[in-house]
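Reading through the structure tokens given below for one structure.
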Amino acid sequence: MNDKKLIDACLRGGFEEFTKIMEKYRPKALAMSFNILRNREDAEDVCQNAFMKAYRNLGTFNQKNNFSSWFYTIVYNCCMDILRKRRRFSDFVRKEKSRSLSIFIEPDENRASVYDKHIKNILGCLSPKERAVLYLWACDRCSGEEIARILNCSWSTARVHLFKARKKIKKIMEKKNDQLRNA
């Protein structure tokens, strides 16, 4: 069953059809949000929140448009909300530390392989928008127009984000390659 038929059924009150939509889009939404947030628990929370928002607002969806673009816009906006909350928390912690209060934050235990660490380091050099654009382009095969709609920017701005992400990755890879040659 295609998205339009599933959405029509959902609008008529069929929750089973929305479950099918969730099953179809959950893996990609989880991958996109994890790519942006770099935290599994936050990514799962974003997915749950995005599906709830999509279900509540399904009546506002224009069926002439692509459902995946509309839904990924919701996922992206939920990710940006989490990043804003993190930033506020980081600002709070920084202010409290400057007041000489003892706040201890446990470091994240990382048991990833060397390859995984290298990939995380590379992706860590990208801004959240650059990671989102790169994911949508490379993993989800979204067009420039779809990426622009999801990020709520112009097509040329989306292309600039993608260009910057690819350029940063290339520079890091070249630097790492030079280090390996000289070692």
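In this text, residue positions in the sequence shown follow this note's numbering: the first is 745, and each later residue adds one.
Every residue, glycine too, gets a C-beta built ideally from N, C-alpha and C.
Reference residue i, options the options, closest by Cα
i	options	result
D766	N921, R831, D752, Y799	For the sequence presented, residue 766 should be read as Met rather than Asp. Nearest option by C-alpha distance: Y799.
R756	A892, L878, G803, E889	G803
I818	A882, F759, A794	A794
N783	H905, I826, F907	I826
A773	C791, A882, C754	C791
K748	A775, F778, N809	N809
I780	R830, N801, N921	R830
R770	E788, C754, A753	E788
P872	R828, S898, S900, W899	R828
C-beta atoms of residue i and residue j nearer than 9 Å
i	j	result
D884	Y820	no
C823	A876	yes
F811	I866	no
G888	A902	yes
L880	I913	no
I894	S813	yes
I891	L870	no
Exposure of residue i, with buried meaning 16 or more beta-carbon neighbours within 10 Å
i	result
I863	exposed
E874	buried
S918	It should be noted that the sequence gives Glu, not Ser, for residue 918. When all chains shown are included, E918 counts as exposed.
F759	exposed
D786	buried
M776	buried
F778	buried
L924	exposed
E853	Any reading at E853 must be qualified, since the residue scores a pLDDT of 44, below 50, and its modelled position is unreliable; the value itself is stated next. Burial call: exposed.
E840	Because the pLDDT of E840 is 47, which lies under 50, any placement of that residue in the model is unreliable, and the number read from its coordinates should be weighed accordingly. Flag for E840 reads exposed.
**Request:** Please go through the region 881 to 920 and give each complete alpha helix (DSSP H) segment of 4 or more residues, from N-terminal end onward.
**Result:** 888 to 895
**Request:** Could you name each continuous alpha helix (DSSP H) segment of 4 residues or more that falls completely within the region 772 to 829, going from the start of the chain to the end?
**Result:** 784 to 800
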